[in-house]
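Chain order of the listed sequences is A and B.
So in this note's numbering the end of the first sequence lands on 374, straight run, no missing numbers.
So in this note's numbering the end of the second sequence lands on 430, straight run, no missing numbers.
All C-beta atoms, glycine included, are put in the ideal place defined by N, C-alpha and C.
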Amino acid sequence: MDVILNQMDEFAPVAGPVAGLVMKNEPVVIKRRVVRQLGHLEALESEAIHIMREVAAECANPALLFSGGKDSIVLLRLAEKAFRPGRFPFPLMHVDTGHNFPEVIEFRDRRVKQLGERLIVASMEDSIKQGRVVLRSENQSRNPFQSVTLLDAIAEHGFDACIGGARRDEEKARAKERIFSFRDEFGQWDPKNQRPELWDLYNARVHPGENIRVFPISNWTELDVWEYISREGLEVPHIYFAHRRDVIRRGSGLLPISHLVQPKEGEKVENLMVRFRTVGDMSCTCPVESAAVGIGEIIAETAITRITERGATRMDDQTSEASMELRKREGYF
Amino acid sequence: MSVIENISFDHSELLRFITAGSVDDGKSTLIGRLLHDSKSIFEDQLSAIAHTSRKRGMEAVDLSLLTDGLQAEREQGITIDVAYRYFATPKRKFIIADTPGHEQYTRNMVTGASTANLAIILIDARKGVLTQSRRHAYLASLVGIPHLVVAVNKMDLVGYSQDVFERICQEFHRFVAGLNLKNIAYIPMSALNGDMVVERGSNLGWYKGMTLMDLLEKVPVDHDINLEDFRFPVQLVCRPQTEEWHDFRGYMGRIESGSISVGDEVQVLPSGLTSRIREIVTYEGNVEDAVAPQSVTLTIEDHLDISRGDMLVKTSQLPQVTKEFDAMLCWLSEQSLDSRRKYLIKHTTRVVKAVISRIDYRLDINTLNHDAADTLKMNDIARVSLKVHQPLVWDAYPRNHATGSFIVIDEVTNNTVAAGMICPSKGQG
Ligand SMILES: Nc1nc2c(ncn2[C@@H]2O[C@H](COP(=O)(O)OP(=O)(O)OP(=O)(O)O)[C@@H](O)[C@H]2O)c(=O)[nH]1
Ligand SMILES: [Mg+2]
């Protein structure tokens, strides 16, 4: 069977005042070969595996950030694909706010055990005890302070790279970030002065004290993540599926009742069918009303949703126009 | 020769495109319009940018805010760095990179361009073809973007005049005549009002071609992957040394081009030793064959010394292995090229020391003339000769983007200072 491949460029330097490179565009016919084109998930997967292997090869002491959330669950599967039958060339690290959903912590520990890999827990409780994090109130959102604990852990363990599950479709500042994102010795991101990032030739070089944040699933959308979880048959914490829960309405969202969130005067507790689109700090992560009890239904809902993941679920991102950018500048993921 | 018969075509194709062109030509507005009119903006995003627009005293929603997400960009009303956006229509998935027009930020435009299948070059109908429009068209051709759309924007400000449109098309056409851009489409539009973006609108009745969205959905997705020559740069060597995998020695990497089957004869470069493929290992189990751009682990029949930076190729399709070659270079750093210094080059998975031994010429972006030069400043494009300490295994860039591209790194600052594309050696096609 003859197949015409896409035009194979052939170029020759041209004399004269024209251009350096000119190509002839003649289709190349190759006999008896049908070339398989990767599906878009396969292509994203291969890109991510390539990125993880580059980190393993070029960085002296990397870590992979694992929170128990869906994006980092995907990262772990990608790491298995990148490194098995070998072991992961890095430990996993969880920046633990102490404000976690218990189901997520239970899941985290179980998954780590299944994999037989090492988990480091960087605990914000410790940062608070050491006076590195000062809270206004015990129940306030701890998300903004994760950077302190993260940076302390990076310094303590001497990590030169941290692999994270952030995606560019999540937020407008993230949409600007490189896959290999350079952080200076204070962990800061300088959005106006990012390294050029060409093709897939990543520059992971840093001086001592500096580090790189690496986002292998930068180009994935929320929908891609769910489709991948479904395709791979990955387990996720139950709170991603619709369940009954006591919630109150506050601001534009729902907040789950817990020891951190109690109804204020005039707020009514409702018992609704909800699911979480992200799992974060329990005091500010909002569920959405949903009847999706299975992955297929989540995918269907995600495909038609009219509200972004963070818009729907993170109260702390809505406090100011640039809250994510500011946090990232200070060292956030 | 390997024969791959199993076809499993994708459920959804992926098209990566960029917007480019001079400052204020309307690139970010166009992306906003495209997303808005294709119903791809989420409600909370729309209400957030509507709020910001109102705060800034604008009457209508400023759609450029959708991609201009940094504080500094919003303050100045310009794009500083690439923003990535994702959207899908029933026909395709799209990754958009909105790049800055400002000359100062050309490096960020190149960042976006290096992975694109299609570029939309915007031109302000009032201003015509500017230096920066030329620079971006040239860069698009240099990095080998297969499709170009010239969007003559702000047609509302020139009375939707067909004459203006045609004059600009001709001017652009004259400029690109010498470049390797073959598939060029010209579309008149108003990103602000939405004419010819997703909807045809009622102002450009004389234009009979496709709308931008039509074109984006129909243009063939030319992957710039070379499907012929097998190239496998080794990223890592896997030696688990566990009971179960005691003697396992796998070469991990991504097939950058071509395909491979179990039993194929391969050569290891630069050493030149040969062997055969024993297994193609994946997480799902071993497979008989694999194609670009799959990431896999390969084992071979013989014990050879192979490490990161080496490349496996098929003996029937050999690349070049040299310590000297010519390349087109885009200088991206504020610090000019110092030809006395050594730089690092990252090419596939290999990092080597290099000197830029000669600048053949520097390009004048307006005339495409070749000028003599002894240094390169930020945004200069030049043809240079390089010498490297260790041989590189390469193909000319137009034949193979993956094995023909490299970056130049300053060893002192660790910054990426230039992008390079290897030219065919003299006398080669
Ligand atoms: N009248 C008119 N104005 C437009 C049109 N498209 C964009 N503009 C305006 O042109 C100005 C610049 O638009 P942007 O989209 O920010 O331009 P840009 O090309 O992204 O600029 P940089 O990214 O900084 O290079 C804004 O004030 C837009 O509202 C159009 O079709 N008609
Ligand atoms: Mg812009």
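Helix, strand or coil, according to DSSP, for residue i in the structure here?
i: B/R277; result: strand
i: B/N109; result: helix
i: A/A196; result: helix
i: A/E370; result: The sequence given here has Arg at residue 370 of chain A, not Glu. Residue state, collapsed to three classes: helix.
i: A/S188; result: helix
i: B/Y252; result: strand
i: B/A21; result: strand
i: A/E350; result: helix
i: A/H284; result: strand
i: B/L16; result: strand
i: B/Q1; result: This structure leaves residue 1 of chain B out entirely; chain B is present only between 2 and 430.
i: B/T350; result: coil
i: B/I382; result: strand
i: B/K94; result: strand
i: B/L140; result: helix
i: B/S29; result: helix
i: A/V70; result: Low confidence applies here, because A/V70 scores a pLDDT of 35, under 50, leaving its location unreliable; read the following figure in that light. Three-state result, A/V70: strand.
i: B/C239; result: strand
i: B/Q171; result: helix
i: B/L221; result: Note that residue 221 of chain B is Pro in the sequence shown here, rather than Leu. B/P221: coil per DSSP, three-state reduction.
i: B/G405; result: helix
i: B/V177; result: helix
i: B/E44; result: helix
i: B/F166; result: helix
i: B/T80; result: coil
i: A/R290; result: strand
i: B/T229; result: Residue identity check: residue 229 of chain B is Glu in the sequence provided, not Thr. In this structure, B/E229 counts as coil in the three-state DSSP scheme.
i: B/K343; result: coil
i: B/E257; result: coil
i: B/H103; result: coil
i: B/A120; result: strand
i: B/D215; result: helix
i: B/L182; result: coil
i: B/H52; result: helix
i: A/A341; result: helix
i: A/E311; result: strand
Pull up the CB-CB distance for residue i and residue j, whole angstroms please, since I reckon it's below 8 Å.
i: B/I366; j: B/Y139; result: 6 Å
i: A/N252; j: A/F200; result: 6 Å
i: B/G210; j: B/Q236; result: Not really, about 45 Å apart at Cβ, beyond 8 Å.
i: A/P297; j: A/I204; result: A/P297 to A/I204, Cβ: 29 Å. No contact.
i: B/H390; j: B/K354; result: 4 Å
i: B/A117; j: B/R232; result: About 21 Å separates the two Cβ atoms, so there is no contact after all.
i: A/G206; j: A/S87; result: With 8 Å as the limit, A/G206 and A/S87 do not qualify as a contact, their Cβ atoms being about 17 Å apart.
i: A/R215; j: A/M365; result: 7 Å
i: B/Q318; j: B/S426; result: Their Cβ separation, rounded to whole angstroms, is 17 Å, which puts B/Q318 and B/S426 out of contact at 8 Å.
i: B/A257; j: B/A293; result: Looking at the sequence itself, residue 257 of chain B is Glu, so the reference to Ala does not match. Confirmed, Cβ separation roughly 6 Å.
i: B/L119; j: B/V150; result: 7 Å
i: B/D327; j: B/C239; result: Rounded, the Cβ-Cβ distance is 36 Å, inconsistent with contact.
Within 8 Å of chain A by C-beta, residues of the stretch 93 to 112 of chain B in sequence order: K94, I96, R108, N109, V111 and T112
Ranges of the alpha helix (DSSP H) found wholly within the stretch 237 to 282 of chain A, counting only runs of at least 4: 263 to 273
Going along the stretch 215 to 236 of chain A in order, which residues come within less than 7 Å of chain B, judged by CB to CB distance? The residues in question are A216, K217, P232, K233, Q235 and R236.
Residues near ligand 2, criterion Cβ-heavy atom distance below 7 Å: B/K28, B/S29, B/S65, B/T68, B/D69, B/I79, B/T80, B/D99, B/P101 and B/G102
Using a Cβ-Cβ cut-off of less than 9 Å, list which residues of the stretch 343 to 356 of chain B approach chain A; keep chain order. L345, K347, H348, T349, T350 and V352
What are the residues in the stretch 401 to 420 of chain B lying within 8 Å of chain A by C-beta distance? H402, A403, S406, F407, I408, I410, N415, N416, T417 and A420
Within the stretch 286 to 338 of chain B, ranges of the alpha helix (DSSP H) (whole runs, at least 4 residues): none
Using a beta-carbon distance cut-off of less than 9 Å, what residues from the stretch 56 to 72 of chain B approach chain A? For the stretch 56 to 72 of chain B, which is checked against every Cβ of chain A, the residues closer than 9 Å are K56, L66, L67, T68, D69, G70, L71 and Q72.
Of all the alpha helix (DSSP H) runs that stay within the bounds of the stretch 145 to 175 of chain A, which reach a length of 4 or more residues? 165 to 170
Segments assigned alpha helix (DSSP H), at least 4 residues, entirely inside the stretch 73 to 152 of chain A: 81 to 99 and 111 to 124
Of the residues that make up the stretch 332 to 352 of chain A, which ones have a beta carbon closer than 7 Å to any beta carbon in chain B? R347, I348, T349 and G352
Residues, ordered as in the chain, of the stretch 121 to 147 of chain B that lie near chain A by beta-carbon distance below 8 Å: Y139, S142, L143, G145 and P147
Check each residue of the stretch 294 to 316 of chain B: if its Cβ is closer than 8 Å to any Cβ of chain A, include it; give the result in chain order. P294, Q295, S296 and R309
Where the stretch 85 to 97 of chain A meets chain B: residues whose CB sits under 7 Å from a CB there: For the stretch 85 to 97 of chain A, which is checked against every Cβ of chain B, the residues closer than 7 Å are S87, I90, H91, R94, E95 and A97.
Could I get the ranges of all uninterrupted beta strand (DSSP E) runs contained in the stretch 205 to 232 of chain A, with 3 residues as the minimum, in chain order? 221 to 224
At a Cβ cut of 8 Å, what residues of the stretch 115 to 128 of chain A count as close to chain B, listed as they run along the chain? Answer in chain order: E121, K122, A123, F124, R125, P126, G127 and R128.
What residues in the stretch 32 to 43 of chain B bring their beta carbon closer than 8 Å to a beta carbon of chain A? Answer set for the stretch 32 to 43 of chain B: F43.
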